[in-house]
Amino acid sequence: MNPLLNIAGEVCKIIFPIHEEVFLGNSESTIAVCTLSSMELLKEISNSDLMGKIAISGRLLSENKGIDELIRNIIKNPNLQTLIVCGKEVSGHKTGHALVSLYKYGIDDDSRIVNSHSPSPFLTVSRKDVEKFQKQITLVDRIGETRLDRII
C-alpha cells in the first residue's frame with residue numbers, strides 16, 4: 020500500500036472519526052447483510068423484525084482493511100452462507116464493486132482484488148482465506164438499493 024495513503028487514512032480517522040457499527044441478530048441464521056455506506060439503512064435494519072432472520076448486519080467503508088475484516092469475520096462463522104450487499108456505494112472507494120470483484124475473481128499474486136476499480140484494493144488476508152470466503156457464501160448484489168422492503 021502507498022505510505023502516503025496510510026498517513027492520509029490515519030489523519031481522516033482523527034478528523035472524521037467513524038464508529039464501527041455492527042448489529043447482531045439471530046445466531047442460528049445463515050444470512051449477513053452489508054449496507055456499504057448507508058448508515059440510515061443499517062439503523063433501519065437494526066430496528067426491524069429482519070434482525071430475527073439475519074445473523075449480522077454492518078457497513079463496509081474501505082476496499083482494503085474493511086474487506087479484510089469482513090472476510091475474517093465471515094470465515095470465522097461457518098454458519099454464514101449468504102451475504103447481501105446493499106446500500107449506497109462508497110464514493111471514491113467503490114467498496115461494493117471491490118467486494119463483488121473479489122467474490123467473482125479473487126486476488127492476484129500481489130493480493131490485489133482482480134478487476135477492482137477501487138484506488139487501493141490490496142488485501143492482507145491470504146489467498147486461502149479468500150478462496151474459503153468465495154466457497155462459503157453466496158453473494159447477493161443489491162448495491163444501490165436502499166429501500167428495506169426491496170432488500171427483503
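By the count of the numbering used here, the sequence shown reaches residue 171 at its end, each step adding exactly one. We put the beta carbon where it would ideally sit given N, CA and C, even for glycine.
Start and end of the alpha helix (DSSP H) containing residue i?
| i | result |
| --- | --- |
| V149 | 146-155 |
| I170 | 167-170 |
| M58 | 58-65 |
| D87 | 84-95 |
If we call anything under 9 Å between Cβ atoms a contact, is residue i one with residue j?
| i | j | result |
| --- | --- | --- |
| V109 | D160 | no |
| T101 | I171 | no |
| S139 | E82 | yes |
| L118 | I86 | yes |
| L43 | L79 | no |
| I50 | L99 | yes |
| G163 | G77 | no |
Taking DSSP as the reference, what is the three-state secondary structure of residue i?
| i | result |
| --- | --- |
| G115 | helix |
| D128 | coil |
| L43 | strand |
| L158 | strand |
| G163 | coil |
Just grab the DSSP bridge partners of residue i for me.
| i | result |
| --- | --- |
| A51 | I75, L102 |
So, under 8 Å CB-CB, residue i and residue j are touching, yes? Tell me the CB distance rounded to an integer number of Å.
| i | j | result |
| --- | --- | --- |
| K72 | S48 | 6 Å |
| N134 | Y124 | 5 Å |
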